[in-house]
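There are 2 protein chains.
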Amino acid sequence: MNALKDVKETLLMGPGPSCVPPAVYAALGLPTIGHLDPRFIAVMNEIKSMLQQVMQTKNEVTLPMSGTGSAGMETCFVNMIEPGDRVLVLINGVFGQRMQDVATRLGAQVDTLEFEWGTPVQVGAVRAKLANNRYRIVAVVHAETSTGVRSPVAEIGALVRSAGALYMVDGVTSLGGIPVTLDAWGVDIFYSGTQKCLSCPPGLAPVSFSPRAVEKLRNRKTKVPNWYLDVSMIINYWQGAKRAYHHTAPINMLYGLHAALDTILQEGLEPVFARHRAAHEQLVAGLEAMGMQMLVAPEYRLPMLNAVKIPAGVDEAAVRSRLLTEHGIEIGAGLGPLAGKIWRFGLMGHTARPENVERVLRSLESVL
Amino acid sequence: MNALKDVKETLLMGPGPSCVPPAVYAALGLPTIGHLDPRFIAVMNEIKSMLQQVMQTKNEVTLPMSGTGSAGMETCFVNMIEPGDRVLVLINGVFGQRMQDVATRLGAQVDTLEFEWGTPVQVGAVRAKLANNRYRIVAVVHAETSTGVRSPVAEIGALVRSAGALYMVDGVTSLGGIPVTLDAWGVDIFYSGTQKCLSCPPGLAPVSFSPRAVEKLRNRKTKVPNWYLDVSMIINYWQGAKRAYHHTAPINMLYGLHAALDTILQEGLEPVFARHRAAHEQLVAGLEAMGMQMLVAPEYRLPMLNAVKIPAGVDEAAVRSRLLTEHGIEIGAGLGPLAGKIWRFGLMGHTARPENVERVLRSLESVL
Chain A
2 MNALKDVKET LLMGPGPSCV PPAVYAALGL PTIGHLDPRF IAVMNEIKSM LQQVMQTKNE
62 VTLPMSGTGS AGMETCFVNM IEPGDRVLVL INGVFGQRMQ DVATRLGAQV DTLEFEWGTP
122 VQVGAVRAKL ANNRYRIVAV VHAETSTGVR SPVAEIGALV RSAGALYMVD GVTSLGGIPV
182 TLDAWGVDIF YSGTQKCLSC PPGLAPVSFS PRAVEKLRNR KTKVPNWYLD VSMIINYWQG
242 AKRAYHHTAP INMLYGLHAA LDTILQEGLE PVFARHRAAH EQLVAGLEAM GMQMLVAPEY
302 RLPMLNAVKI PAGVDEAAVR SRLLTEHGIE IGAGLGPLAG KIWRFGLMGH TARPENVERV
362 LRSLESVL
Chain B
2 MNALKDVKET LLMGPGPSCV PPAVYAALGL PTIGHLDPRF IAVMNEIKSM LQQVMQTKNE
62 VTLPMSGTGS AGMETCFVNM IEPGDRVLVL INGVFGQRMQ DVATRLGAQV DTLEFEWGTP
122 VQVGAVRAKL ANNRYRIVAV VHAETSTGVR SPVAEIGALV RSAGALYMVD GVTSLGGIPV
182 TLDAWGVDIF YSGTQKCLSC PPGLAPVSFS PRAVEKLRNR KTKVPNWYLD VSMIINYWQG
242 AKRAYHHTAP INMLYGLHAA LDTILQEGLE PVFARHRAAH EQLVAGLEAM GMQMLVAPEY
302 RLPMLNAVKI PAGVDEAAVR SRLLTEHGIE IGAGLGPLAG KIWRFGLMGH TARPENVERV
362 LRSLESVL
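Chains A and B are the protein sequences, given in the same order. Position 181 of the first sequence, counted from 1, bears residue number 182 in my numbering, the numbering being contiguous throughout. Position 151 of the second sequence, counted from 1, bears residue number 152 in my numbering, the numbering being contiguous throughout.
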């Protein structure tokens, strides 16, 4: 079986995974030890503390779930929803739609507010909806990976708090690339992934639950209908003096996450955010200089996910394929209504560097 | 953050994770590429083919789920169960109990047959139960990790098939250590983990569904109430000419699994099983020579999980702790009713070698 021989270093400029720094690769290959080994518990404790720093939260229940980012979404809904709970999902792209699907499967009564893809959630519409309805949970995507739009999560959070609902935020693409301040925003339920701006390979889903969310979890009338993702049991493995076995943690992936978080905090959150902004500005300037147009209005653009309209007459799939095979660069296609209409350039984590932007612009120019 | 500095090579002789061969560590650190990259699809195709060989099945739907072994259990139940389905769970240890918990949470009507811990499921009791009841699913653990017992899955399979039920088998600890022949046994639904006899770090759950199981999945009246583990969607990422994005696969973990399966198949399944048997016999002889007694009768013992009774007057936790800190060896404690009564010595995958058995016996002797 030979397929691993063809795996070569690639400049990952799609919607994730992103490029992985050498320290993270090195950590992945550290010796596997037991999931109850005191040395591993020490690794877990440091991961938890670093996640709290990156998420700007004091939430005790802050830990990585043993699955990819979508498992984080599943975790948040399955632990919080009880049959019949009313949930409002704010949708402006694929991941808002996925939230609706996940919550509906779990028996929630789901209402939605939908916004044009490529535009943010509008605060006024949320205010009007909350004025006339009562929800247990309001859910929104901070950084829509399918369109490159940032929604105003702080403003929405204030409304949700006044309305007495729990506030759920998807930070899969935002965490580690732009400020994420859970406590300041009043976020109760948060999930992310490791393969975007944290620059760890995919496989873990950091989550955080506020004391109010934990109270809802503790007061459930029925068991969480998902043993594997039951946070009420998993916290007994992640905190306290005596750790209880739940499932065997993904040891080596957690080494990788530890190294990834450490790398970010060593650089400093502000310098990391500034690096993302600078790479974004460099990329937009370069694309516009080549005559291309961005999908999203400047004030709502994400630095780490840049959606650009495909120039007329271009075979977009052929361009992506040539970038990959001839230049070793992956960029992303459009999804849903934007398929065939946009490319998505990711500048996430370790990828967000001037030399990488320079390289993709040069390569794109030569292919077009 | 320094905890990674204390992670040192450890002889993993507990109930899993097991020691990881160098080729697998090397694969974990290969460059991350995109989850839709044609080179990655090639890696996936080879993994699928190797899993079919190790599981001895022609099942098309054979793939690793993106979670640890317990996610495999969750996957099998959540895809197969519809509300009110009658399920029979055969219980002779922790993992049978977990099956009952998982299935009950999902709304199944669960019946159980319980057997003393340390003994196998009795075929006669299953026959009697099936004579008087009709079930959609009958579920059993092949190799009970909590006790070291092998249950007669071939004989049970014949009964389940005659009874017209679907047959679910937990092969978390057996796969790659003793013969697992899904098609010959008539297994419809199977799950395993990577951190036992496959000797890949924890993080993936290989599963397999027979055509009959896939038919039940296709004919569900309701969506699978778990988006993340919905196999009806995930198969569109794992097979066919055009692959559809579901969630971002855990790329580097899958490199590791590829290398682990390749390592096993290069050695050959029969030699691998023989190596497990030889290590088991060497360990049992050594423990008995030290005056200790095995928990399980010889004909039901698993080679990869050896439960031995703790000699009277021994502080069992202190022994385990000294083995770990002074000798770099992890062994396992007892669970549930066997806590404080047994140790569990794992001889799984790469761990199952004469020099390792020699080392643990010598170390144990010096500690006792």
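Note that the Cβ used here is the ideal one computed from N, Cα and C, for glycine as well.
Helix, strand or coil at residue i [DSSP, three-state]
i: Tyr168(A); result: strand
i: Met100(B); result: helix
i: Val21(B); result: coil
i: Pro65(A); result: strand
i: Thr76(B); result: helix
i: Glu83(A); result: coil
i: Gly333(B); result: strand
i: Arg151(A); result: strand
i: Val88(A); result: strand
i: Leu296(A); result: coil
i: Lys49(A); result: helix
Residues near residue i by beta carbon distance below 7 Å, same chain, minus five either side
i: Leu296(B); result: Gly119, Thr148, Gly149, Ala308, Val309, Lys310 and Ile343
i: Arg323(A); result: Val368
i: Gly338(A); result: In the sequence on display, residue 338(A) carries Pro and not Gly. Trp118.
i: Met74(B); result: Arg99, Met100, Val103, Asp171 and Tyr192
i: Gly15(B); result: Glu331, Ile332, Gly333, Arg345 and Gly347
i: Phe78(B); result: Val103, Ala104 and Leu107
i: Ala340(B); result: Ala334
i: Arg40(B); result: Ile34
i: Glu83(B); result: Arg221, Lys222 and Thr223
i: Ile48(B); result: Pro65, Leu255, Leu258, His259 and Leu262
Span of the beta strand (DSSP E), counted from its first residue to its last, around residue i
i: Met305(A); result: Careful: Met305(A) lies outside any beta strand (DSSP E) and carries neither H nor E.
i: Leu37(A); result: No beta strand (DSSP E) holds Leu37(A); DSSP gives it neither H nor E.
i: Pro226(A); result: Neither: Pro226(A) is in no beta strand (DSSP E) and is coded neither H nor E.
i: Glu271(B); result: No beta strand (DSSP E) contains Glu271(B), which is instead part of the alpha helix (DSSP H) from Leu270 to Ala290.
i: Leu131(B); result: From DSSP, Leu131(B) is part of no beta strand (DSSP E) but of the alpha helix (DSSP H) over Val124 to Asn133.
i: Ile138(A); result: Ile138 to Val142
i: Met14(A); result: Leu12 to Met14
i: Asp7(A); result: Counting along the chain, Asp7(A) falls outside any beta strand (DSSP E), and DSSP gives it neither H nor E.
i: Val111(B); result: Gln110 to Glu115
Neighbourhood of residue i by C-beta, 6 Å cutoff - its chain only, sequence neighbours within 5 removed
i: Thr195(A); result: Cys201, Leu205 and Leu258
i: Val161(B); result: Val139 and Tyr168
i: Ala280(A); result: Leu348, Ala353 and Val358
i: Val25(B); result: Cys201, Gly257, Ala260 and Ala261
i: Lys130(B); result: Leu114
i: His247(A); result: Met234, Ile235 and Tyr238
i: Ala155(B); result: Trp186
i: Val142(B); result: Phe96, Gly97 and Asp171
Extent of the continuous alpha helix (DSSP H) run through residue i
i: Phe346(B); result: Where Phe346(B) is concerned, there is no enclosing alpha helix (DSSP H), although the beta strand (DSSP E) it sits in stretches over Ile343 to Gly347.
i: Thr326(B); result: Glu317 to His328
i: Glu359(A); result: Pro355 to Val368
i: Met449(A); result: This structure gives no information on residue 449(A), because the portion of chain A shown stretches from 2 to 369.
Partner residues on chain E for residue i, Cβ-Cβ distance less than 9 Å
i: Leu52(B); result: Considering every chain present, this structure includes no chain E. Its protein chains are A and B.
Same chain only: Cβ atoms within 8 Å of residue i, ignoring 5 sequence neighbours per side
i: Ala126(B); result: Leu114 and Phe116
i: Pro355(A); result: Ala279, Ala280 and Gln283
i: Arg302(A); result: Gly149, Val150, Arg151, His281, Val285 and Met295
i: Leu230(B); result: Met66, Gly68, Ala72, Glu75, Thr76, Val79 and Asn80
Query - beta strand (DSSP E) segments (min. 3 residues) lying fully within the region 175–217 of chain B - result: Secondary structure within the region 175–217 of chain B: the beta strand (DSSP E) runs of 3 or more consecutive residues, fully enclosed, are 190–192 and 206–210 (chain order).
Report task. Below 8 Å between beta carbons is the criterion; list the residues of the region 198–220 of chain A that meet it against any residue of chain B, in chain order. Result -> Pro202, Pro203 and Gly204
Query raised in the report: Quick one, which residues of the region 226–244 of chain B are near chain A if we go by CB-CB under 9 Å, in chain order?
Result: Pro226, Asn227, Trp228, Tyr229, Leu230 and Asp231
Query - Contact set between the region 159–187 of chain A and chain B, restricted to residues whose Cβ is under 7 Å from the partner - result: none
Query - Residues in the region 61–78 of chain B having any Cβ partner in chain A nearer than 8 Å - result: Residues are counted here when their Cβ sits less than 8 Å from a Cβ of chain A; for the region 61–78 of chain B these are Ser67, Gly68, Thr69, Gly70, Ser71, Ala72, Met74 and Glu75, given in chain order.
Report task. Anything in the region 7–20 of chain A with a Cβ closer than 7 Å to a Cβ of chain B? List those residues in chain order, please. Result -> The residues in question are Asp7, Val8, Lys9, Glu10, Thr11, Leu13, Gly15, Gly17 and Pro18.
Requested in this report: Could you name the residues of the region 266–298 of chain A whose beta carbon sits closer than 7 Å to any beta carbon of chain B, in the order they occur along the chain?
Outcome: none
Requested in this report: Could you please tell me which residues of the region 348–368 of chain B, in chain order, have their CB closer than 9 Å to any CB of chain A?
Outcome: none
Query raised in the report: Taking a cut of 9 Å between CB atoms, which residues from the region 246–262 of chain A lie near chain B?
Result: Tyr246, His247, His248, Thr249, Ala250, Pro251, Ile252, Asn253, Met254, Tyr256, Gly257, His259, Ala260 and Leu262
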